[in-house]
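Under the UniProt record's numbering, the sequence shown has 411 at position 411, and the numbering climbs by one with no breaks. Virtual Cβ for every residue (Gly too), placed ideally from N, Cα, C. Below is one structure, written out as structure tokens, with a few remarks after it.
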Amino acid sequence: MSDDAPFVVRPLPSSTLDGAFRVHLSPDGLDKVGLKIGDLCQITGDNGGSGFAIAWRAMDKMGNNPKLRPAKMSDILRNASGFKEGSHVTIARSTAKVQHAVKVTLTDVTPSEYGSTTDAENYGRWRMKCANLLADAEAVAIGTTFDVTAKKGLRKRFYIDHIEPVGTQAGTLYFCDDETGIVFSDGAPIAETPVTTVNGEGFPALDVTGIGGLVDQVKELNMRLDRVLNKTQRNDKLPKTVSTNRHVLIHGYEGTGKSLLLDRLEQTSACKVYRLQKADLVTGKIQSPIQSTFREAIATQPSIVIMDDLDELASPENKVYANSIGREMNKLRGHSIMVVAATRAPVNIDSKLTGPGSFSRQIELPIPNASGRKQILNVLLGKPAEADDPATTMASLRTHGFTGKDLGLLVEAAVDNAFVRLEDNPQDWIKVHARVSMLNGESSHEQGDGSADSQASTAVESDLTVTEPDFEIALSSGAVRPTALREIFLETPKVRWSDIGGSESQKQRFDEIIGWPLHHPEM
């Protein structure tokens, strides 16, 4: 039988969304108001506050027959409903149901004490984290405030400003799932932020934005991620003796993008990512850090373990490291874990790590050809990878043997030349109210008056564009050398006879000496 005797609000030590909307009552308190564990109840405060919660049994003792029965609530529940600690509330069973949220509107309320969030202002990076956090929550309500934590200590705080339910009933609790749309209060929909998935099952593919010349390699890496991280029916049909854990070893010349791929993999994956490097291994305790890393990866699967510069960890001379890593990788069979490592060349690591159960799949990052170099140059200049730009087209044809690192240095030199060109033509400068970054398109609001004494710090050119002459000067100076030419590799030249003046007689001689015997062997 229900009882209208009031409860007193007491704090419940909890700061996460998991179980935040449970009101913890003593067994006697549950019985007095006719509630069972899991029932939805309505709470009304003496100060006018009102809200819904899920009845739960308190795990600790609350005293014998207190005059005011305690109702323990998390800070999230109290703040969302407007209850103060020590205030009196009445609790009654509700006939309402927890509603499915079609759309949740969030407002960014990150406090200043959370520190710099410059990188965090790209809300697309937080979409998956917010969606996963809300989907894992038992229930949420309008007025909920929650924190989201990212790597490198970045944190943001969001406030649920509005929830759109499936039905017409509103004002209760809501649950979120993969179909729930998440929108910011300024109207920018997070859910519509382009996030590529491997097979539509929730694990984001490796984002190729800002990566040029490695499309095929990224596709293959995505395929490997799909097979390991997404347990599908295709995997179930495989014989038990066949493992999907084909760990990947990325190798290639210095500057071809190995570390870039690993960093991007760490940033875009929705699963737990662990990074193992030699600096983390304490002398005399080699095995323990390696074991703990793989043990945590198994405990939080699906997960990824990243090892850059694997040759520093497991070279043929470092048998202790190699044997320890090999043993731990052999334990991963059957688990949703993928190990991705990078090295200069496979011969630089112990051969035991390149067999079945270890790095059985190798992905080579080649020296970029002309098409790849054009993509890289476009990306470095903030353009789409496939942009048709005369300057990058010319530079790509003139940079045989250049790695991605070399092309980055070349772009920096070309940008310097563009600044010099504009400084030599001060009449091109105009009065502006913003300083523009030519590489990423971001702007900061600094005032400039275009006067002679302020041009060096605040004036901005009317159209700062890196041109063909800028690249030509950078190439002619010899400041950037093609490091890949230390090795030999071939690339078919795009030179026609018509490009060579006075070559008709030579062309005729080639035809007579080489072409005729092939086409007319009877002669």
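CA nearest to the CA of residue i, picked from the options
| i | options | result |
| --- | --- | --- |
| His-247 | His-335, Gln-508 and Val-183 | His-335 |
| Val-347 | Gly-252, Trp-497 and Arg-93 | Gly-252 |
| Lys-129 | Asp-147, Ile-513, Arg-295 and Ala-314 | Asp-147 |
| His-100 | Ile-163, Gly-408 and Ile-363 | Ile-163 |
| Val-140 | Leu-133, Tyr-174 and Arg-57 | Tyr-174 |
| Leu-407 | Asn-79, Ser-81, Phe-510 and Ala-395 | Ala-395 |
| Lys-258 | Val-273, Lys-272 and Ile-306 | Ile-306 |
| Asp-178 | Val-102, Ser-112, Glu-138 and Thr-172 | Val-102 |
| Leu-260 | Asp-226, Ser-351, Val-340 and Cys-271 | Val-340 |
| Ser-112 | Leu-154, Gly-82 and Thr-95 | Leu-154 |
| Glu-254 | Ala-484, Val-495 and Arg-22 | Ala-484 |
| Gly-38 | Gly-82, Ala-96 and Ser-87 | Ala-96 |
| Gly-45 | Val-33, Val-9 and Thr-392 | Val-9 |
| Ser-94 | Ser-74, Ala-131, Ala-55 and Arg-78 | Ala-55 |
| Glu-468 | Arg-421, Arg-509 and Val-495 | Arg-421 |
| Ile-160 | Ser-81, Ala-414, Asp-416 and Asp-424 | Ser-81 |
| Leu-134 | Phe-21, Asn-222, Leu-17 and Ile-142 | Leu-17 |
| Thr-393 | Lys-374, Gly-382, Ala-385 and Ala-479 | Lys-374 |
| Ile-91 | Thr-172, Leu-409, Ala-385 and Ala-53 | Ala-53 |
| Asn-132 | Val-495, Leu-221, His-519 and Cys-271 | Cys-271 |
| Glu-364 | Pro-289, Glu-220 and Pro-11 | Glu-220 |
Boundaries (first-last residue) of the alpha helix (DSSP H) holding residue i
| i | result |
| --- | --- |
| Arg-327 | 319 to 330 |
| Ser-476 | 468 to 477 |
| Trp-56 | Note, Trp-56: premise wrong, no alpha helix (DSSP H); beta strand (DSSP E) at 50 to 57. |
| His-251 | From DSSP, His-251 is part of no alpha helix (DSSP H) but of the beta strand (DSSP E) over 248 to 252. |
| His-519 | 516 to 519 |
| Val-420 | 404 to 423 |
| Ile-376 | 370 to 380 |
| Asp-350 | Careful: Asp-350 lies outside any alpha helix (DSSP H) and carries neither H nor E. |
| Ile-337 | First-last for Ile-337: 337 to 343, but that is the beta strand (DSSP E), not the alpha helix (DSSP H). |
Local Cβ density within 10 Å of residue i, reported as buried at 16 or more and exposed below that
| i | result |
| --- | --- |
| Pro-194 | Unreliable placement is indicated for Pro-194, whose pLDDT of 39 sits below 50; the coordinate value is still reported in the next sentence. That one is exposed. |
| Pro-70 | buried |
| Pro-368 | buried |
| Asp-397 | The residue you asked about is not Asp; residue 397 is Leu in the sequence shown. Leu-397 is exposed by the Cβ-count criterion. |
| Phe-294 | buried |
| Arg-78 | buried |
| Phe-419 | exposed |
| Asn-47 | exposed |
| Arg-509 | exposed |
For residue j and residue i, the rounded distance between their alpha carbons
| i | j | result |
| --- | --- | --- |
| Asn-378 | Ala-387 | 7 Å |
| Thr-145 | Leu-276 | 35 Å |
| Thr-403 | Arg-224 | 26 Å |
| Pro-366 | Gly-401 | 10 Å |
| Gly-502 | Ile-513 | 19 Å |
| Gln-42 | Arg-157 | 27 Å |
| Ser-477 | Phe-471 | 10 Å |
| Asp-311 | Thr-343 | 6 Å |
| Pro-316 | Glu-296 | 27 Å |
| Leu-313 | Ala-322 | 7 Å |
| Arg-481 | Ser-15 | 55 Å |
| Gly-19 | Asp-389 | 55 Å |
| Ala-299 | Ala-58 | 29 Å |
| Pro-356 | Thr-256 | 26 Å |
| Ser-360 | Gln-506 | 51 Å |
| Glu-85 | Ile-304 | 43 Å |
| Lys-352 | Ile-325 | 10 Å |
| Pro-13 | Met-73 | 8 Å |
| Thr-110 | Gln-267 | 21 Å |
| Asn-417 | Asp-499 | 29 Å |
| Val-89 | Thr-149 | 33 Å |
| Glu-522 | Trp-516 | 10 Å |
| Thr-399 | Ala-370 | 8 Å |
| Gln-362 | Pro-302 | 21 Å |
| His-519 | Ile-376 | 42 Å |
| Leu-40 | Val-98 | 8 Å |
| Gly-143 | Met-338 | 39 Å |
| Asp-263 | Thr-354 | 23 Å |
Residue span of the beta strand (DSSP E) that contains residue i, given as start and end
| i | result |
| --- | --- |
| Ala-314 | Looking at the DSSP string, Ala-314 is not in any beta strand (DSSP E), and its letter there is neither H nor E. |
| Ile-306 | 303 to 307 |
| Ala-101 | 99 to 108 |
| Asp-147 | 145 to 149 |
| Gln-362 | 361 to 365 |
| Ala-92 | 88 to 93 |
| Lys-156 | 155 to 165 |
| Lys-72 | 69 to 73 |
Short CB-CB distance (under 8 Å) between residue i and chain D
| i | result |
| --- | --- |
| Pro-469 | Structure shown: chain D not included; a single protein chain is present. |
Residue i: CB within 7 Å of a non-hydrogen atom of the ligand FMN
| i | result |
| --- | --- |
| Leu-77 | Here there are no bound small molecules, and the ligand FMN is not part of this structure. |
Inspect the CB distances between the stretch 169 to 183 and the stretch 103 to 117 and report whether three or more fall short of 8 Å. yes
Taking one C-beta from the stretch 209 to 220 and one from the stretch 315 to 331 each time, how about it: are there three or more such pairs within less than 8 Å? no
Taking one C-beta from the stretch 15 to 33 and one from the stretch 67 to 87 each time, how about it: are there three or more such pairs within less than 8 Å? yes
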